[in-house]
Structure formats: structure tokens, C-alpha cells
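>
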Ligand code: SF4
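Residue numbers (the working numbering): 3 to 435.
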């Protein structure tokens with residue numbers, strides 16, 4: 003039997019798709035590309051924006067065209083948020099939410115045998131149990147994403163994730179340690195701890211478990227050379243936390259702190275839990291206490307009520323704190339959120355202008371940040387051949403600068419000392435020492 007997967011959205015979805023794929027392989031399925039004929043199609047959906055839902059529907063009709071008799075399973079955030087809408091889409095056989103993805107093979111086989119539609123969407127706001135969905139054979143042999151947390155209790159006014167992913171739940175710390183040891187024994191050099199709101203790791207566990215404690219334990223596990231943390235809420239970084247992190251040798255000094263806006267009034271309407279002053283101090287403290295720290299972020303432009311004055315405040319703030327990379331998003335009202343119902347929605351053309359302005363600023367800040375490292379040598383974990391220039395390999399420094407280097411052997415999976423020599427747009431060229 004053939005199975006084909008398509009995955010929309012975040013790293014956690016990518017992780018879960020890889021784990022689900024493994025379960026099909028164990029049941030004897032052959033994995034085929036999504037644009038090929040298959041007996042089963044699985045769409046792991048995202049619902050962070052309206053386009054996420056639209057893309058999911060496009061993937062469903064594509065599967066239907068490729069094989070009208072296939073079993074089509076639609077899982078993840080879109081199914082969790084709108085199970086009726088999804089189950090009413092022609093040709094959908096299995097609807098699973100964001101929990102019980104681990105049972106995907108069982109439900110697909112049931113749907114095939116009974117030729118009945120199956121809708122299994124649990125109440126994630128009540129079900130706070132962390133679903134163990136592990137990857138045993140990682141596709142990527144260099145760095146491994148490890149999902150350690152699910153759910154979010156923050157309810158930012160523009161976001162549906164708490165309704166899709168449910169309440170905060172954390173992976174058993176002993177299971178994390180066990181998996182990290184397995185990854186180390188399989189020669190993984192780098193692991194990335196990820197989740198929906200990893201700053202909340204441990205809130206639901208007995209005892210004083212938190213992300214810092216997990217990082218301290220991983221620090222003593224031999225074989226793993228680098229640990230990264232995924233996108234994280236700025237409020238996690240108290241002075242005490244930063245002090246503890248600064249003593250960790252394996253922790254990569256790259257922190258993706260989602261700011262979303264540089265204006266306090268806008269932050270209030272977003273229901274974000276920090277002020278720009280607090281954010282400024284966190285950035286300063288990270289830079290003072292952690293060498294070569296790279297701080298990157300996400301920014302939403304055109305949030306309802308964002309006047310020219312408010313945008314100017316955001317622009318000035320970002321000009322001042324010079325983050326090394328900014329991902330700029332134009333606000334898109336998400337059905338069912340408070341922000342969707344807010345007055346003073348911003349015109350699309352204005353969003354375009356503001357977005358281009360920030361993208362220009364980002365290019366300037368990123369180049370400035372990378373230029374600080376020219377003529378320095380840094381270790382780079384090479385991942386693969388660099389597709390644009392033959393004979394070059396690409397990888398990342400601990401502070402997440404992309405580096406390409408010429409080589410006469412396959413560098414993939416290896417950590418090499420590199421002298422950084424020339425900044426290009428988005429990466430640095432360096433020589434292997
Ligand atoms: S912190 Fe806010 S934006 Fe992030 S997942 Fe939670 S509710 Fe959404």
C-alpha cells in the first residue's frame with residue numbers, strides 16, 4: 003500500500019508528520035511523493051492564517067484528483083478548529099484533530115474497511131495529556147527536532163493556536179533524557195527543542211520542572227554538541243534564567259524572541275505580555291551575558307488600529323535594537339479571533355508599504371550583524387551541499403549564521419572550524435581551517 007504526506011505549518015507539524023510517516027512504514031506502507039498516485043493521502047493541516055485552511059482544501063482536492071478511491075485523512079489544526087467544515091469537504095474519509103495523531107494508521111485502515119467517514123477530534127482544552135509521538139529514524143541525519151511541549155495558555159488576540167493545540171502539556175522529562183541519549187548514540191550533533199509555547203514547559207508537571215532544568219540535564223549528556231531552542235516567548239528570559247543559560251556551553255546563542263510589534267499600544271491590543279522597555283532590557287541582558295548572541299524575531303504589520311504614528315514607533319524601536327533577523331508578516335484577520343472583530347482594520351496597500359519598509363530595515367540590520375564576524379573563525383555544522391554553487395557546502399554557526407564553504411569532500415553532518423571572510427545577502431562565505 004502506498005501513503006503520501008503533505009505537511010503545512012510549523013516545526014511541530016513537521017515533527018509529527020515524520021513520526022506518523024514512520025508508523026505507516028512500520029505497517030508495511032511505501033511512502034510516495036504527494037503528487038503521485040497513492041492509496042492513502044494524509045494532509046497535516048495548519049490554521050495559523052486563513053490561507054492555511056485554503057491550502058489544506060487545495061491539497062484535499064489534489065489528492066482526490068490523483069486517486070478518487072484513495073483514503074484521505076485530514077489531521078491537525080484546521081481539523082481541530084473546524085471539524086464540521088473539514089468533514090463536509092467532498093472526499094474526506096478521516097478527520098483527526100491535533101491529538102491522537104499517533105493512531106492515524108488504525109483510523110485509516112478502519113475507514114478503508116468500513117468505507118465510513120471517521121471523525122475523531124478530542125476536546126484539547128480539557129485533554130491536557132502530552133501525546134507521545136516519537137521519531138525513531140530521523141530523515142535528517144545531522145540535526146534532530148525534539149518536540150517537548152504542546153499547547154498554549156496565552157490567548158494573544160490574533161491567534162487561534164490555543165484553541166487548536168489546547169492547554170499547555172509537557173513531555174515526561176525522563177523520556178526527553180532517554181531520547182536525547184538515543185540521538186547522541188546515533189551521532190546526532192545538534193538537537194532543537196521545540197513546542198508550541200516552550201517557555202511554558204513544565205507548568206503542568208509535578209515538581210519544579212522547566213526548560214532551564216532540561217537544558218542543564220542535556221548539558222551533561224555526551225555526544226550532543228549543540229542544543230537549540232525554538233521560537234520562544236520573551237517573558238521567559240528573566241535575569242535569573244539568563245544567568246543560568248550563560249553557563250551552558252552547549253546552548254547555541256540564538257534566541258528567536260517573537261516581538262510582534264515595537265509599539266506598546268499595539269502590544270496591548272495584541273494581548274502580548276511584555277512592554278517594549280522590558281523587551282529592550284531582555285535583549286540587552288542576553289547580549290551582555292551570552293557571547294555572540296543572535297536575537298531574531300517575528301513582526302506583524304498592519305494590526306487593527308495601527309496608525310502611521312504607531313508604525314513609526316515600531317520602526318524606530320527596531321532601528322534602535324537592531325535584531326539580526328526579522329520575519330515580517332502582514333496581519334490577516336483570523337476567523338474566530340478577537341482581532342478579527344476589532345475596528346480600524348488596516349488597508350492592504352498600507353500593510354504592503356509597512357512590510358517593505360521593515361524588510362529593507364531587516365536587510366540592513368542582518369548585514370550589519372554578519373559583518374561583526376568577518377575575519378573571525380567559528381565552528382559550522384555543515385548540513386548539505388549548497389545547491390546554487392557547485393562544490394560548496396552549507397551549514398550554520400552556533401548563533402545561526404548561514405555559512406557556505408568550498409570543499410573537496412562531503413562535509414554533511416560534520417562540525418568544522420571556518421574563517422568567515424565575505425558577507426553576501428543572507429549568508430557568509432568562509433574557508434575551512
Ligand atoms: S503565545 Fe500567542 S501567538 Fe504564540 S501560540 Fe500562544 S496565543 Fe498564539
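Idealized CB from N, CA, C, for every residue including glycine. In this text, all values refer to a predicted model and were calculated from it rather than measured experimentally.
Of the choices 83, 16 and 296, whose alpha-carbon is the least far from that of residue 402?
Taking the first residue of the chain shown as 1, we reach residue 402 at position 400. Taking only the C-alpha atoms, the option nearest residue 402 is 296.
> Kindly list the residues whose CB is nearer than 8 Å to the CB of residue 16, restricted to its own chain and excluding five residues on each side of it in sequence; keep chain order.
Here the question's residue 16 lines up with position 14 in the chain shown. Closer than 8 Å at Cβ, skipping near neighbours: 9 and 147.
> Assuming residue 421 and residue 379 are in contact, meaning their beta carbons sit under 8 Å apart, how far apart are those beta carbons, in whole angstroms?
For the purposes of this step, residue 421 is taken as residue 419 along the chain shown, with counting starting at 1. For the purposes of this step, residue 379 is taken as residue 377 along the chain shown, with counting starting at 1. Sure, about 5 Å apart at Cβ, within 8 Å.
> For the beta strand (DSSP E) containing residue 422, name the first residue and the last one.
Taking the chain shown and counting its residues from 1, one reaches residue 422 at position 420. That run of the beta strand (DSSP E) goes 417-426.
> Could you tell me the distance, in whole angstroms, from the CA atom of residue 38 to the CA atom of residue 72?
As a position in the chain shown, residue 38 is number 36, starting the count at 1. As a position in the chain shown, residue 72 is number 70, starting the count at 1. Between residue 38 and residue 72, the C-alpha separation is close to 12 Å.
> What I want to know is whether the C-beta of residue 260 ends up closer than 8 Å to one or more non-hydrogen atoms of the ligand SF4.
Taking the first residue of the chain shown as position 1, residue 260 is located at position 258. Because some heavy atom of the ligand SF4 lies under 8 Å away, the Cβ of residue 260 counts as near it: yes.
> Select from 63, 19, 49 and 5 the residue whose C-alpha is nearest the C-alpha of residue 35.
One-based indexing of the chain shown puts residue 35 at position 33. Measuring from the Cα of residue 35, the nearest candidate turns out to be 5.
> Nearest to residue 316 by alpha carbon, out of 306, 348 and 278?
Translated into the one-based positions of the chain shown, residue 316 becomes position 314. Taking only the C-alpha atoms, the option nearest residue 316 is 278.
> Can you list, in chain order, the residues of its chain whose CB lies under 8 Å from that of residue 179, leaving out five sequence neighbours each side?
Translated into positions along the chain shown, residue 179 becomes position 177. Same-chain partners within the cutoff: 219, 220 and 223.
> Looking at C-alpha atoms only, which residue of 188, 24, 417 and 261 is the closest neighbour of residue 300?
Numbered from its first residue, the chain shown carries residue 300 at position 298. With distances taken between Cα atoms, residue 300 lies closest to 261.
> If you check the beta carbons only, do residue 192 and residue 231 fall under 9 Å apart?
Here residue 192 refers to the residue found at position 190 when the chain shown is read from its first residue. Here residue 231 refers to the residue found at position 229 when the chain shown is read from its first residue. No, the pair does not count as a contact, with Cβ atoms beyond the cut-off.
> Between which two residues does the beta strand (DSSP E) carrying residue 122 extend?
What you label residue 122 is simply residue 120 of the chain shown in a count that begins at 1. Taken as a continuous stretch (DSSP letters only), the beta strand (DSSP E) holding residue 122 covers 120-122.
> Bridge partners of residue 75, per DSSP?
Position 73 of the chain shown holds residue 75. Residue 75 pairs with 44 and 96.
> What distance in whole Å lies between the Cβ atoms of residue 200 and residue 151, which are believed to be in contact at a cut-off of 8 Å?
By 1-based counting over the chain shown, the position of residue 151 is 149. By 1-based counting over the chain shown, the position of residue 200 is 198. Confirmed, about 5 Å.
> Per the DSSP calculation, residue 4 is bridged to which residue(s)?
As a position in the chain shown, residue 4 is number 2, starting the count at 1. Per DSSP, 32.
> Report yes if the C-beta distance between residue 304 and residue 357 is below 9 Å; otherwise report no.
In the chain shown, the residue the question calls residue 304 occupies position 302. In the chain shown, the residue the question calls residue 357 occupies position 355. The answer is yes: Cβ separation under 9 Å.
> Hey, is residue 271 close to the ligand SF4, as in C-beta under 8 Å from one of its heavy atoms?
Within the chain shown, the letter at position 269 stands for residue 271. The answer is no for residue 271.
> At a cut-off of 8 Å, would you count residue 199 as near the ligand SF4, judging by its Cβ distance to the nearest heavy atom?
What you label residue 199 is simply residue 197 of the chain shown in a count that begins at 1. Yes, the beta carbon of residue 199 sits closer than 8 Å to at least one heavy atom of the ligand SF4.
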